[in-house]
Structure formats: C-alpha cells, structure tokens
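K.L.:
Residue numbers (this note's numbering): 3 to 78. Ideal Cβ positions, reconstructed from N, Cα and C, are used throughout, including at glycine. Quick one: this structure, given as structure tokens, is what I'll be asking you about.
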C-alpha cells in the first residue's frame, strides 16, 4: 500500500466540509488505493460538533482513512 497523503479540510464541521470528508475517506478524490490522513480544522466554538463528525468517520471504518487530526490550531 502507498504512503498516506495528508489532506486538510477547513470548516470541517460545516455543511460543505461534512459532505466532503466522507467522500475523501471513501477514496473518491485520490482513488481506491491511496490511504489518507485527514486534518480537520474548525473554529474553537465548533469543536464539539467536529468531535461528532470524527465519531461518525470512525464508525464508518473507512479502510483508506489511516488517521484523523482534529484541531482549532491551523499550525497543526
């Protein structure tokens, strides 16, 4: 398997981010054999909503999704 690619999504708990990250995790952007690491960036006030999104991603058990980083710090 290939080395995971890092993908950052800003506003990940918002409507557009929410729609996008599940497609990314399913391999619809980089293909069915490219693992990814998702870096999900959100404003501090929306971190609890982002935590819920991360739980949903974990429940889906996407085989290409190797790691999820959730933060409100853009330097991470």
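What's the gap between the Cα of residue 18 and the Cα of residue 67?
P.N.:
19 Å
K.L.:
Hey, would you say residue 31 sits closer than 9 Å to residue 9, going by beta carbons?
P.N.:
yes
K.L.:
So what's residue 27 in DSSP terms, helix, strand or just coil?
P.N.:
helix
K.L.:
Would you grab the beta carbon distance between residue 49 and residue 40 for me? Rounded to a whole angstrom, and I think it's under 8 Å.
P.N.:
Rounded, the Cβ-Cβ distance is 15 Å, inconsistent with contact.
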